[in-house]
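A.B. asks: Structure incoming, see below.
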Amino acid sequence: MGRTAALRAVLAEAGFRRLYATRLVSAVADGSFQAALASYVLFNPERATTPAEAAAALTALALPYSLIGPFVGVFLDRWRRQRVLVIGNTVKAALVVGVAALVADRAENGAFLAVTIAALSVNRLFLAALSAALPHVVPENYLVTANAVATTSGTVATIIGAGIGGSLRLAAGTHALALGGVVAAAALGYLGSALVARRFAADELGPDVPLAVPMWHAVHAVLAGLAAAARHVAQRQRVASALAAISAHRFCYGMATLTIVLLERNYFAHENQAVRGLFGLGAVVGASGLGIVAAALVTPRVTRRIGTTRWVAAMLCAAGTAVAVFGLPFQRELLIAGAFVLGFSAQGMKICVDTIVQADVADNFRGRVFSGYDMLYNVTYVAAAAAAAAALPPSGKSDAVMSGLAAGYVLAGLSFAWFTRGAVVRERPMVGRQPERVAAQPPGNFQDAR
Numbered sequence: 001m002g003r004t005a006a007l008r009a010v011l012a013e014a015g016f017r018r019l020y021a022t023r024l025v026s027a028v029a030d031g032s033f034q035a036a037l038a039s040y041v042l043f044n045p046e047r048a049t050t051p052a053e054a055a056a057a058l059t060a061l062a063l064p065y066s067l068i069g070p071f072v073g074v075f076l077d078r079w080r081r082q083r084v085l086v087i088g089n090t091v092k093a094a095l096v097v098g099v100a101a102l103v104a105d106r107a108e109n110g111a112f113l114a115v116t117i118a119a120l121s122v123n124r125l126f127l128a129a130l131s132a133a134l135p136h137v138v139p140e141n142y143l144v145t146a147n148a149v150a151t152t153s154g155t156v157a158t159i160i161g162a163g164i165g166g167s168l169r170l171a172a173g174t175h176a177l178a179l180g181g182v183v184a185a186a187a188l189g190y191l192g193s194a195l196v197a198r199r200f201a202a203d204e205l206g207p208d209v210p211l212a213v214p215m216w217h218a219v220h221a222v223l224a225g226l227a228a229a230a231r232h233v234a235q236r237q238r239v240a241s242a243l244a245a246i247s248a249h250r251f252c253y254g255m256a257t258l259t260i261v262l263l264e265r266n267y268f269a270h271e272n273q274a275v276r277g278l279f280g281l282g283a284v285v286g287a288s289g290l291g292i293v294a295a296a297l298v299t300p301r302v303t304r305r306i307g308t309t310r311w312v313a314a315m316l317c318a319a320g321t322a323v324a325v326f327g328l329p330f331q332r333e334l335l336i337a338g339a340f341v342l343g344f345s346a347q348g349m350k351i352c353v354d355t356i357v358q359a360d361v362a363d364n365f366r367g368r369v370f371s372g373y374d375m376l377y378n379v380t381y382v383a384a385a386a387a388a389a390a391a392l393p394p395s396g397k398s399d400a401v402m403s404g405l406a407a408g409y410v411l412a413g414l415s416f417a418w419f420t421r422g423a424v425v426r427e428r429p430m431v432g433r434q435p436e437r438v439a440a441q442p443p444g445n446f447q448d449a450r
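With the UniProt record's numbering, letter number 217 in the sequence shown gets 217, and the count goes up by one each step, no holes.
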């Protein structure tokens with residue numbers, strides 16, 4: 001069946017359309033909330049943003065994915081997923097209103113950080129519930145198409161929401177009460193998503209048979225499973241090399257992200273031009289998004305010719321070259337071009353590493369390996385934020401850091417090519433094949449398209 005016919009078949013499923021709407025409405029709210037939050041923390045015109053503050057903001061975004069990701073299946077295999085979608089959205093709305101109140105009060109203390117992390121943690125459970133529910137609304141032979149449509153559209157909806165949030169932020173001005181109102185507006189989207197999810201029957205999205213094993217035993221089993229997955233990966237050099245490569249990428253990508261945020265806020269925009277810096281960061285995010293879309297279109301075709309391992313090495317070396325060529329001059333226009341290349345290389349790598357893990361890991365280990373992979377993917381990003389906070393000046397302009405990022409990317413690419421030499425596997429299109437289902441696998445983090 002062709003792609004167009006498969007897409008029509010997926011969209012013809014009423015359950016998929018409801019689940020799809022639940023995702024999209026919530027994703028728009030996510031983008032609006034995160035953009036409003038970022039503008040408040042990072043682009044406050046009343047003061048400059050320090051590297052430590054920028055690192056704390058990035059940590060708040062990534063930490064929930066790092067800590068609770070592997071354990072979400074423990075809850076989703078026991079709780080009705082329809083209730084998770086409804087109650088999760090409602091709780092998110094309440095937490096966002098709490099964040100808005102703190103913003104209106106100009107609070108930037110521990111309470112502000114704790115409520116923000118709580119809201120993002122609930123979102124992690126919500127996203128996992130969407131993935132776990134998908135097989136209940138789409139026939140198995142359409143899962144690949146349904147996943148592609150849902151995740152890509154979710155990313156686009158988040159970007160649209162960020163544009164809405166940024167526009168509202170600019171219209172509201174700098175008054176604290178108005179900024180709080182912009183943050184609170186996202187709560188309406190979460191409540192709308194909850195109303196859509198209420199249209200499902202209580203048991204329609206599973207689990208089919210809730211587990212009766214005590215929760216503590218399940219948590220212990222997750223920890224033991226992660227240890228077993230690590231041993232399994234250690235015996236497969238291509239998988240271990242791929243995970244090491246994407247960890248190196250995430251570390252460099254995280255440092256590059258913090259560098260760009262500080263450059264846009266404190267170097268290009270200067271003291272009283274926070275709005276200009278926000279526009280600059282928006283252009284960088286847009287260029288990166290275009291790179292992500294381009295990689296999704298190009299990577300499957302290229303890897304059928306040269307294989308995933310060569311493409312991973314090429315993407316790392318391309319990212320290093322882009323950092324050197326477009327980053328070291330420290331010019332805004334060049335940074336935007338470099339963001340496109342970094343977005344392209346990040347998505348191209350992610351597709352290939354996912355494929356390598358799916359192909360080389362035994363089926364009975366695959367879910368656990370993906371859980372560990374998800375943790376690794378986000379922990380390295382948090383580590384990068386901490387390293388960047390220590391290494392970067394307040395302006396974000398550092399020739400040493402930028403040169404180190406370029407060298408780190410290239411070194412990672414060459415090392416990966418060396419350790420996987422001879423392992424050239426060409427991908428073939430999925431024609432007439434059933435997709436393999438992986439149980440209890442949390443979805444990726446799509447702030448960089450995962």
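Every residue, glycine too, gets a C-beta built ideally from N, C-alpha and C.
For residue 32, which residues in the same chain have their Cβ closer than 6 Å to its Cβ, ignoring the five residues on either side in sequence?
C.D. replies: For the purposes of this step, residue 32 is taken as the residue at position 32 of the sequence shown. So the qualifying residues of the chain are 161, 164, 165, 186.
A.B. asks: When you compare each of 61, 179, 143 to residue 121 by their alpha carbons, which one comes out closest?
C.D. replies: On the sequence shown, position 121 is the one that residue 121 refers to. Nearest of 61, 179, 143 to residue 121, Cα basis: 61.
A.B. asks: Would you kindly check if the distance between the Cβ of residue 339 and the Cβ of residue 246 is under 9 Å?
C.D. replies: For this step, residue 246 is matched to residue 246 along the sequence shown. For this step, residue 339 is matched to residue 339 along the sequence shown. The answer is no: Cβ separation not under 9 Å.
A.B. asks: Considering only the beta carbon of each residue, do residue 471 and residue 169 sit closer than 9 Å?
C.D. replies: What the structure shows of the chain is the stretch from 1 to 450, and residue 471 is not part of that stretch, so it cannot be assessed.
A.B. asks: In terms of residue numbering, what span does the alpha helix (DSSP H) encompassing residue 41 cover?
C.D. replies: Position 41 of the sequence shown, counting from 1, holds the residue named residue 41. 14 to 42 is the extent of the alpha helix (DSSP H) around residue 41.
A.B. asks: Distance check for residue 142 and residue 404, CA to CA, integer angstroms please.
C.D. replies: Residue 404 sits at position 404 when you count from the first residue of the sequence shown. Residue 142 sits at position 142 when you count from the first residue of the sequence shown. C-alpha separation (whole angstroms): 44 Å.
A.B. asks: Report yes if the C-beta distance between residue 56 and residue 385 is below 9 Å; otherwise report no.
C.D. replies: On the sequence shown, residue 56 is found 56 positions in, with the first residue counted as 1. On the sequence shown, residue 385 is found 385 positions in, with the first residue counted as 1. Going by C-beta atoms, residue 56 is nearer than 9 Å to residue 385.
A.B. asks: Taking 9 Å as the cut-off, decide whether the C-beta atoms of residue 20 and residue 153 are in contact.
C.D. replies: On the sequence shown, residue 20 is found 20 positions in, with the first residue counted as 1. On the sequence shown, residue 153 is found 153 positions in, with the first residue counted as 1. In this structure, residue 153 lies closer than 9 Å to residue 20 by Cβ.
A.B. asks: For residue 200, which of helix, strand or coil comes out of DSSP?
C.D. replies: Here the question's residue 200 lines up with position 200 in the sequence shown. Coil, per DSSP.
A.B. asks: Kindly indicate which residue of 81, 78, 34, 70 has the alpha-carbon position closest to the one of residue 58.
C.D. replies: For the purposes of this step, residue 58 is taken as the residue at position 58 of the sequence shown. The shortest Cα separation from residue 58 among 81, 78, 34, 70 belongs to 34.
A.B. asks: Closest by CA to residue 147, which one among 301, 7, 87, 293?
C.D. replies: Stepping through the sequence shown from its first residue, residue 147 is reached at position 147. If we check each option's Cα against that of residue 147, 7 comes out closest.
A.B. asks: In the DSSP assignment, find the unbroken alpha helix (DSSP H) run with residue 175 in it and report its ends.
C.D. replies: The residue given as residue 175 occupies position 175 in the sequence shown. Per DSSP, residue 175 belongs to no alpha helix (DSSP H) and is neither H nor E.
A.B. asks: Could you tell me the boundaries of the alpha helix (DSSP H) in which residue 360 lies?
C.D. replies: The count along the sequence shown starts at 1 and reaches residue 360 at position 360. Looking at the DSSP string, the run of the alpha helix (DSSP H) that includes residue 360 is 332 to 360.
A.B. asks: Enumerated in chain order, which unbroken segments of the alpha helix (DSSP H) with a length of 4 residues or greater are wholly contained in the segment 211 to 279?
C.D. replies: Correct list: 215 to 234, 237 to 262.
A.B. asks: Using the rule of at least 16 other Cβ atoms within 10 Å of the residue's Cβ for burial, across every protein chain shown, is residue 372 buried or exposed?
C.D. replies: Here the question's residue 372 lines up with position 372 in the sequence shown. Flag for residue 372 reads buried.
A.B. asks: So residue 182 and residue 36 are in contact, right, with Cβ under 8 Å, and what is the actual spacing, rounded?
C.D. replies: Counting from 1 along the sequence shown, the entry for residue 182 is found at position 182. Counting from 1 along the sequence shown, the entry for residue 36 is found at position 36. With a Cβ gap of about 5 Å, residue 182 and residue 36 count as contacting.
A.B. asks: Cβ atoms of residue 356 and residue 238: under 9 Å apart, would you say?
C.D. replies: Locating residue 238 in the sequence shown gives position 238, where the first residue counts as 1. Locating residue 356 in the sequence shown gives position 356, where the first residue counts as 1. In this structure, residue 356 lies closer than 9 Å to residue 238 by Cβ.
A.B. asks: One question on the structure: do residue 252 and residue 311 come within less than 9 Å of each other, judged by their Cβ atoms?
C.D. replies: Stepping through the sequence shown from its first residue, residue 252 is reached at position 252. Stepping through the sequence shown from its first residue, residue 311 is reached at position 311. Contact: no.
A.B. asks: DSSP on residue 397, reduced to helix/strand/coil?
C.D. replies: As a first step, residue 397 is located in the sequence shown; it is residue number 397 there, counting from the start. Coil.
A.B. asks: Going by the CB atoms, is the gap between residue 197 and residue 308 shorter than 9 Å?
C.D. replies: Reading the sequence shown from its first residue, position 308 is the one you call residue 308. Reading the sequence shown from its first residue, position 197 is the one you call residue 197. The answer is no: Cβ separation not under 9 Å.
A.B. asks: If you draw a straight line from the C-alpha of residue 532 to the C-alpha of residue 377, how long is it?
C.D. replies: Here the chain comprises residues numbered 1 to 450, so residue 532 is not present and cannot be evaluated.
A.B. asks: Should residue 145 go down as buried or exposed, given a rule of 16 or more other Cβ atoms within 10 Å for buried?
C.D. replies: By 1-based counting over the sequence shown, the position of residue 145 is 145. Under this definition residue 145 is a buried residue.
A.B. asks: Answer with buried or exposed for residue 306, where buried requires no fewer than 16 other C-beta atoms within 10 angstroms of its C-beta.
C.D. replies: Against the sequence shown, residue 306 aligns to sequence position 306. Result: exposed.
A.B. asks: Can you give me the C-alpha to C-alpha distance between residue 439 and residue 370, rounded to a whole angstrom?
C.D. replies: Indexing the sequence shown from 1 puts residue 439 at position 439. Indexing the sequence shown from 1 puts residue 370 at position 370. Residue placement at residue 439 is flagged as unreliable, the pLDDT there being 34, under the threshold of 50; the coordinate-derived value follows with that caveat. Whole-angstrom Cα-Cα distance: 10 Å.
A.B. asks: Do residue 248 and residue 412 have their C-beta atoms closer together than 9 Å?
C.D. replies: For this step, residue 248 is matched to residue 248 along the sequence shown. For this step, residue 412 is matched to residue 412 along the sequence shown. Cβ atoms of residue 248 and residue 412: closer than 9 Å.
A.B. asks: Is the segment 393 to 410 in contact with the segment 214 to 225, if contact means three or more CB pairs nearer than 8 Å?
C.D. replies: Too few Cβ pairs lie closer than 8 Å, so no.
A.B. asks: Please classify residue 307: does DSSP put it in a helix, a strand, or coil?
C.D. replies: If you number the sequence shown from 1, residue 307 lands on position 307. Here residue 307 sits in coil by DSSP.
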